[in-house]
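Enquirer: Under our numbering, the first residue of the sequence shown is numbered 10, with each subsequent residue one higher.
Cβ coordinates follow ideal geometry from the N, Cα and C atoms, glycine included.
It should be emphasised that the depicted structure is a prediction, and the values quoted were computed from it without experimental measurement.
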Amino acid sequence: MGNSVTIINPIHPLYGQSVVIKQIRKVGQQTIVTVESPLGGFLSVPASETDLWTQPACTAQTVGKFLPQKLLRLSEWVAARSQKV
10 MGNSVTIINP
20 IHPLYGQSVV
30 IKQIRKVGQQ
40 TIVTVESPLG
50 GFLSVPASET
60 DLWTQPACTA
70 QTVGKFLPQK
80 LLRLSEWVAA
90 RSQKV
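Laid out in structure tokens, this is it:
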């Protein structure tokens, strides 16, 4: 994702620090943000403990995973390889 959030929970060890977002997901009713830890690795924190909802909205570019034209080309490629065997 590349965007960052700031930890706003005053009792969190990373309070006030900006961290890079790796993933945002929904777990039940709660939104969880996975971020890169400054100490290495990743941390999952509730979105409510970040400034995620106070930031301006941004749009992510989506990429079609199964575009019909690409699937057709792939099937032709596989068929051509299968005939050689």
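How long is the line joining the alpha carbons of Glu58 and Trp86, rounded to whole angstroms?
Expert: So the two alpha carbons sit approximately 49 Å from each other.
Enquirer: Classify Val36: buried if its beta carbon has 16 or more other beta carbons within 10 angstroms, exposed otherwise.
Expert: Its Cβ having fewer than 16 others within 10 Å, Val36 is exposed.
Enquirer: Could you tell me which of Ile41, Ser13, His21, Thr43 sits nearest to Val29, measuring between CA atoms?
Expert: It is Ser13.
Enquirer: Do you know how far the Cα of Val42 is from the Cα of Pro77?
Expert: When rounded, the distance between both Cα atoms is 33 Å.
Enquirer: Is Thr15 closer than 9 Å to Ser27 when the C-beta atoms are compared?
Expert: Yes. Within cutoff.
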